[in-house]
Structure formats: C-alpha cells, structure tokens
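Add 6 to a position in the sequence shown, counting from 1, and you land on the number used in this note's numbering. Beta carbons are placed, not taken as given, at the ideal position from N, Cα and C, and that holds for glycine. Given the structure is predicted, the values throughout are model-derived calculations rather than measurements. In what follows, a structure is listed as structure tokens, so that the remarks can point back to it.
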Amino acid sequence: MKSTSDASGKDLKPVRLLDVVLSWPMDDVLKENLYKDKVHKIPETFKSPTDYKNYFIPLLFEETRADLSSSFTGVSRAPFCEIKKVVSTRQLKLPKAQNQFKQFHHRLQLKSTIDSGDGGNYEPGSGDLIAFTNIRPKSLDDLNTLKSPYHIAYVVGAKNQLSHTISVHSSKCMKVDIENDFWNNNQQKLYAVYLINMTTNIRISNALNLRPEGEHLNIIKSVLGPQLISGENCQNCLSEENSQASFIEENMIIRSQKLNECQQDAVLSSVDMMNCNHADIKLIWGPPGTGKTKTVACLLFSLLTSKTRTLTCAPTNTAVLQVAIRLHGLVMDSLEHDRYGLGDIVLFGNSKRMKLSSHPGLEDIFLDNRVENLMQCFDPNTGWKTNLRSMIRLLKSMEELSKKKKRKEVSSYRWRFGEQTKKLKFLMQTLYTHMPKSCISLEAVKKMLQALDLLKSIEISMRQVKFKSNKDGSIAAYFQTLYVRRDECLSILFSLSRTVSIPKFDEGGNTRVEVGDFCLSNACLILCTASSSVKMHYSAMVKPVEFLVIDEAAQLKECESTIPLQLTGLRHCILIGDERQLPALVKSKIADKCEFGRSMFERLVILGYKRHMLNVQYRMHPSISLFPCKEFYDEKLFDAPVVREESYNKLFLKREMYGPYSFINIAKGKEKHGQGQSLKNMVEVAVISEIIKSLNKEFMRTKKKVSIGIISPYNAQVSEIQEKVKQYTWASNSGFSVNVRSVDGFQGGEEDIIIISTVRSNGSGNVGFLSNRQRTNVAITRARYCLWILGNASTLINSDSVWRNVVLDAKRRGCFHNVLDDKKLAQAVDYVLFEQKLLEEPESPFMKLSLGGNSEAAIT
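If you want it as structure tokens, here you go:
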C-alpha cells in the first residue's frame, strides 16, 4: 500500500470537523476536488488503530463537503425561518489544537410563525447547519451576494420555546455586522435557511479522534489486520463444565421462542461468546425475510435473562424501533409481576422518527418518558417518600375519624384517601416499572402490589358502606370492619419505607441528566442508533457494557460503527446484516470510490470472516424467491413450509399476467429527465395507474385486505407515480393501502404486492445505476404474494447487467408478458403516447388531422 502523510500510521493532528466546515468559503464547498489528493481508498486491513482512523477522517470531511454542496442545489425548496434579532454575541475560547480557527457564539431570537407572514415555519434543531441570507433564496447565488456574503452557522441547541431563541456557533462575528447596520437594518430582513444536519458526522469525527490506545479499542484491534480469528467461539476459553451448564439454561429459553434450527444456532453461539475471555466479533448473515429481527430479539432476551449488559444499535431510529417492538413483546409475555423487569431495558432516540405514539407500551422503556416519571418519584418534596408518609398518616387517622359525628368530615376523608391512593399507585407503578431490578427487589414489588390491592379494597368499602350513627352519635362501627385491612396495609407501607431506597442527587446539579445517567448505568439492555450511542461515552457507568449487537450492520458505514465499538469494557460484538443488500448512502463520488460507504460487516466478509447464515425465508412466495435465491444467495436460501402452502398462493387479479411473479414488457416506453438528473417514464406511470385502478375495483368487490408497494430506483418516477395514484394513497378505505417509494426507501419493508418500475427505455441498453446488484436484490425481495416487474425487455437484456438475467429468467419460466396483451393496459399506453406526441409535435399534419385542426384546444 502506498503511504502518504495522511495514511502513514502517524497520528493526525486532531481537527474538529465543525471548525473546518464553518471556515470553508462557498468556493471550497463547491470544489469537487477539494480533498481529492488527501483521501485514499480504504484498505481491507490496517496496521494500527492510528492507521485505521487516518483513512476515515479525510473521507469524512469530503463526504460532509459533498453533502453540503448537494444541499445548495435544492436551497430554493429548503425550510427557512425569519430571525427577529441577534440577542448576544461572544467569541469562544477553543482548545490549543483549534487555535487556527475563530468561532463565535450567538443567541438569535426567531420571529414567531404567527407574526412572520412569509417568514417560514422552520424550527432550527440541534445539529442543523444553517445559512444566513437577507432574502429568501431562490438559487445558489442568493447565498453569496455583496449585500449578504456567504455565512453559515451550527445550531448547538433546540429552540427555547418561551423566548423563541436559538444558540449557534459561526466563524463570523455578527456583532460587527450589527454595528455596521447590516444585519439590524430595519429595512432588511434576515433569514435562516436549513442546509444539512451534522449531528452524526460530528459524532463520527469525535469518535475517530479519540486517543488510539487503551482497553476501549479491544474490539477494533481485533479486526484491523489479517490475524483475524475465525468468528467462531474459542474452545480454549470454554470450560466444559461452564459451557454445558450455560447451554442447558440458554437452550430452554431459546427453544421456547420457536426458532428454526439456524436461528437457534445463531442465538446459542452468540450467547456462548460471553464465556470467551478475549475480544471477538461474530457475523450473522440475514438475507431478506429470514426472521432477522426475531432472531435479534431472542438473542437480546437471552442476554437479559443472563443479566449481560448489552448495547443494541442500528443505523436508523426505525430499525431500532423494530427490534424494540419485538423484544418488548417477548419480555411482556415473560413477566410475572405486572411490568416489573422493564426497568432493565432502555430505548432512546428521536421519538418523532420512531413514531412512538403509534406503539402503545413502548413508552415504558423509552428513556425520556422514564426520566420524566422517575423525577416525580425522586422529588424530595413531592415524591415517593413524602406520599408514602402521607398515606401512613392518613391510615392512622382513620381511627380518629371514626369518633367524628359529622357526615361531611367522613366524605372529606374519603376524597383525600382516594386522591392519596391515586398518587401512591402512580408512584409505586413507576418505581417497579422504571427502576432496574438491581435497584428494587422482587419482595418489595410483591409488597407494593399487595398494598395496592388493600388500598383499593379499603377505598371500595368506604364507598359502599352506608352512613349509620349509633346511639351516642359516633360512627365507629362504620370503620370497624376496615381496621384489619388498614393494619395490614400499614405494616406493608412501613416495611416499604425501610426497604425501598431512592437515589439522591446533588441539589445544584441537572436532575434530568442525572436521572437519565442513573437509568443508563443500571439497565441491562440499551437500544439506540449507532450515532446516538455517543451518549454512552458520557454516562457514568456503574458496570461497563460487555456486549454490543449491531442490527442492519451492512447498512452502517464502518467509521460510524466506531462510536459504539469504542465503549470502555466492551468485549464482544455481534454484527447482523446482509452485505448483498444496499449499503450506506454516500453523497461524494470521490468518497464512494474510496469505499467510504462500506461497512465493517462487508469488509470482514471480503477477508473471509465466517458468517452464520439464516437460511430459511418466510416472506416470499416460492415463485418470487426463486430468482434472488439463485442469483444472490448461491441457492443456499430455502423457502419455509408456510410459504409453500396452497394458502400462500394468493391471486389479486384474474389474468395470467398477474400471477405471483411476472415481467411485463413495455416496449413503447420513453425515458425522460424529470427533476434534476433523475429519470421518469410516463408510459410505465400510466400502466401502474391502470393496475392500481383494477386492484382497487377488485378490493371494493371482495373487501379482501391488500397492501401494495410501488418501487422505482428514480426519484422523478416516484414523484410522478405518487401524483398519479394519490387518490389511493390518501384513501380512507381500510384494508387497501398503496405505498410508493424509492428502492433505498423500501429497504427493510415488505408488502403483499410489489410493482417495480424500472424506467429505463433506450436502444443502447444503458441502465445507469439500475445495474447495481444490491439495489436490484432489495427491489425484488420486498413482496409476499405477488411481484410484477415493468420494463423495456430489450433495453434490459442489452444492458449486460443483472437485469438481463431477470428478463431471461422470466422468459424461461413462462412468466414473461407483453403489456399490449391486456386491453386496458394497451389503451393506457396508447393514450400516453398520443398525449406525448401531441405535446412534442402539436403542429404536425398528423396531429392537425387527428384533432380536426384544433391542436391548441386539445393541449389546453
């Protein structure tokens, strides 16, 4: 390997990504070759941790530049808001390593959306990179004018909802601009325009700049060079006695989950890694539909049972959520005492992106919700201890109340007792739901549940017993029957006051942060995105995380995986993914050529690292799985019994063209440029629209539920299809859903019917990035019952790509059909072709003859 100053093994001088980005002039951002001579192709092996990070850092800078440059092209459509005034400005003191940079902190007041008129409704969020302009930008040039020179800033915190202010860092002093009457001119407006969010890239940069030594690099060191261990458990570390004992216990748990043989083996061998003394990484290969999420959830459930501190990560909030949903279901089925045990599981991330409100129950493990509830319990003035004492006093005063003669006093007591019971019930449920099991004993929880039953019984009795006075006017008899339960309840509450310990926090500290750290440091299972796992580096861990599980690992840039992989104390890692599906998205062509988007999973596979394959698929009808199994998985992927059953053979339209698997040839389609460089094919759009109409008509007749996914590699085509079928995507008909997305947007998804629009239609066989095998694999493995592929067979066959094999395979199997064989589809094709001809040649003799000379009216 050719060495350079940037990839020679010498430690690069740490430079913060943010400092560099803020210092770039616009010309540098737009300069495609800015980092060309500073980046190098990422090798398959590395000499040292320093060598490892030195390859990634320059590429991270280049990828950030390309992402920012790309955002400029869409600046006219970018979210924006109006800035009311600059509240304050001060220069920041940067570390010595950043002495070459100047940076300023500004507090800006935003104009409220109510008063702003055309001021936009964008709310800058933490990590956003924004541009300042004095006009709403309509083009790139508007970001850099004489009156408003190029000026960007980084948002360091969310908007203060009360003062409508945000805090930002920038390399320019806005105070000077105010004094020069530039930013504060009453005749001039100031806008903040969203460009990109830098949170993930900054976290990666910080992770790569950690000191390249110490115990926290055990895992990374194990995958640097060719001395890789096999990925199998080390037999030298497994004593026969320990291995056998753990195997029996784990096997009982895992068998109860009804996993298939390959899933069971994957889970058992992964859990057995805990008996190894050295750092190790294991790969689990999960092709489409093989129950990967179920396997991950069962693995985590086993680790929870064995009390192994584990961090689970994925590239996106959505991917993390899918694992959390499955795990939550397993755990809830196993709990014996209400929700006791959920405190050992913590999920954190962006609740909006996770759509947490759509998944009842998950709030019990979500960190923000947990912190909010526990803060109420831990409050020294209004929390658990205060309310427990109040209930004890109230129960004791029951005897005094029985001597009262006034009905009103008894009613007041009932009301106070009911309110206090509600408060105590909330606090008890919060404690045994959200406190880790290591901080609250099962015995205490049983007593809480007993106390709640007794309090409920006492409350019901007080409501049901009628008010009766005896001879002397007292109502002692009213309460006499409650004393036995009252005394039993008091005994339990006294016991709880002695045995349930509440953590104490510094009065001057940030209680919310401290409670969050308490939850993270004591939990057994923690789930989050790889990027947000940076939070774990700053939490005071009582016990280190030993085990790391990364789901969808093949979609994660290797440099992003270094964030969780550098946790202190980490010894074992499981990477679960499929490198034959789409990798992480890379904006920079230079970075892409340097393998910046390649995952650690894929690199280890290239090196020959052993993978444990999940080889039974439960999603696709055998007619659909046949081609991808042969083309992408070397015929090692098998159909589960459930997809081979007759009941899995569902036909939604009667014609042969609409069987489980079809290639529908559209020879007369035309590819055209839509938005930007993206392509569209309006003939294919029309055909898809007609198919959706037929499916909807059949649904209205039968009322059989059906979900339809429409996939295209081109965003322009996705937009055209969405517009054409929007009446169905917006329809309120329950049971009929239409989802239109790009291939990248559909990774991980599945529907009953998938319709693929390949778009490309030309005489040269040019299919561009459609030829990508990973993209093709994702597209054709999303369907459960029916997969219908639309395309120009001639173009695809001549492409010498994987799509040639798709068409030829369909012909061999008798699944090849011509669109003109269907009368309605043929009419739709003819109509679009006529419409296009009319727009292209409205004054041609043929058109004038066809339209009776009134071509302008026809166009209108």
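Sequence-distant residues of the same chain with beta carbon closer than 7 Å to residue i, five excluded per side
i, result
"Met626", "Gly295, Val649, Thr787, Ala789, Arg790"
"Asn528", "Pro442, Ser444, Cys445, Val548"
"Asn768", "Glu677, Thr801"
"Val26", "Phe67"
"Leu659", "Ser700, Leu701, Glu704"
"Asn356", "Asn323"
Three-state class that DSSP yields for residue i in the structure shown
i, result
"Met468", "helix"
"Ser76", "helix"
"Val174", "strand"
"Val731", "coil"
"Leu201", "strand"
"Tyr61", "helix"
"Ser594", "coil"
"Gln109", "coil"
"Leu36", "helix"
"Asn798", "coil"
"Leu531", "strand"
"Gly15", "Note on Gly15: pLDDT 48, under 50, position unreliable in the model; the coordinate value appears next. Of the three classes helix, strand and coil, the one that applies to Gly15 here is coil, per DSSP."
"Ser545", "coil"
"Ser538", "coil"
"Cys319", "strand"
"Asn783", "helix"
"Gly349", "helix"
"Lys44", "coil"
"Leu196", "strand"
"Tyr419", "helix"
"Val5", "With the chain covering only 7 through 866, there is no way to say anything about residue 5."
"Glu846", "helix"
"His578", "strand"
Spatial neighbours of residue i in its chain, beta-carbon cut-off 6 Å, leaving aside the 5 residues before and after
i, result
"Leu341", "Gly347"
"Thr436", "Asn379, Cys383"
"Leu353", "Ala330, Ile371, Phe372, Leu533"
"Phe511", "Thr517, Glu520"
"Lys730", "Val691, Ser695"
"Cys268", "Leu620, Asn621"
Nearest candidate by alpha-carbon position, reference residue i, set the options
i, options, result
"Ile202", "Thr79, Ser275, Asp557", "Thr79"
"Pro64", "Tyr41, Thr56, Phe524", "Tyr41"
"Thr299", "Gln263, Arg96, Ser668", "Gln263"
"Gly682", "Asn824, Ser76, Ser29", "Ser76"
"His365", "Asp350, Thr324, Met381", "Thr324"
"Lys227", "Lys288, Thr56, Met338", "Thr56"
"Glu756", "Arg779, Val724, Cys792", "Cys792"
"Lys1", "Glu369, Tyr419, Asp350", "Because residue 1 is not part of the residues shown, which for the chain are 7 to 866, the question remains open."
"Met468", "Thr301, Arg420, Glu726, Asn671", "Arg420"
"His157", "Tyr544, Cys282, Tyr58, Trp30", "Trp30"
"Leu289", "Lys656, Thr301, Thr151", "Thr301"
"Ser463", "Val490, Tyr438, His440", "Val490"
"Val35", "Tyr61, Thr708, Ser539, Glu69", "Glu69"
"His823", "Tyr837, Lys843, Gln753, Tyr664", "Tyr664"
"Glu608", "Tyr61, Asp286, Pro49", "Pro49"
Anticipated Cβ contact below 8 Å, residue i with residue j, distance rounded
i, j, result
"Ser132", "Ala164", "5 Å"
"Gln115", "Lys108", "Their Cβ separation, rounded to whole angstroms, is 24 Å, which puts Gln115 and Lys108 out of contact at 8 Å."
"Arg315", "Phe524", "Actually they are not in contact, since the Cβ atoms of Arg315 and Phe524 sit about 15 Å apart, beyond 8 Å."
"Glu690", "Gly675", "5 Å"
"Leu149", "Val81", "6 Å"
"Asn783", "Arg586", "6 Å"
"Ile760", "Leu796", "Rounded, the Cβ-Cβ distance is 11 Å, inconsistent with contact."
"Asp640", "Pro628", "That pair is no contact at about 17 Å."
"Asn798", "Ile672", "6 Å"
Same chain, Cβ closer than 8 Å to residue i, neighbours up to 5 away in sequence not counted
i, result
"Leu502", "Leu394, Ala450, Lys453, Met454, Ala457"
"Ala536", "Cys319, Ala320, Pro321, Ile556, Leu562, Glu566, Ser567, Ile569, Pro570"
"Glu846", "none"
"Leu196", "Glu88, Ile89, Phe138, Thr139, Asn140, Trp189"
"Pro155", "none"
"Ser777", "Ser805, Ser807, Val808, Trp809"
Residue i: CB within 7 Å of a non-hydrogen atom of the ligand MN
i, result
"Pro366", "The ligand MN is absent from the structure shown, which contains no ligands of any kind."
Worksheet entry | 4 or more residues per run - each alpha helix (DSSP H) lying fully within the stretch 681-760 | For the stretch 681-760, whole alpha helix (DSSP H) runs of length 4 or above, ordered along the chain, are 688-708, 721-730, 732-735, 749-752.
Worksheet item: Whole alpha helix (DSSP H) runs in the stretch 377-405 with 4 or more residues, listed along the chain?
Response: Qualifying alpha helix (DSSP H) stretches, in chain order: 390-402.
Worksheet item: Whole alpha helix (DSSP H) runs in the stretch 609-643 with 4 or more residues, listed along the chain?
Response: Entirely contained in the stretch 609-643, the alpha helix (DSSP H) runs reaching 4 residues are, in chain order, 628-638.
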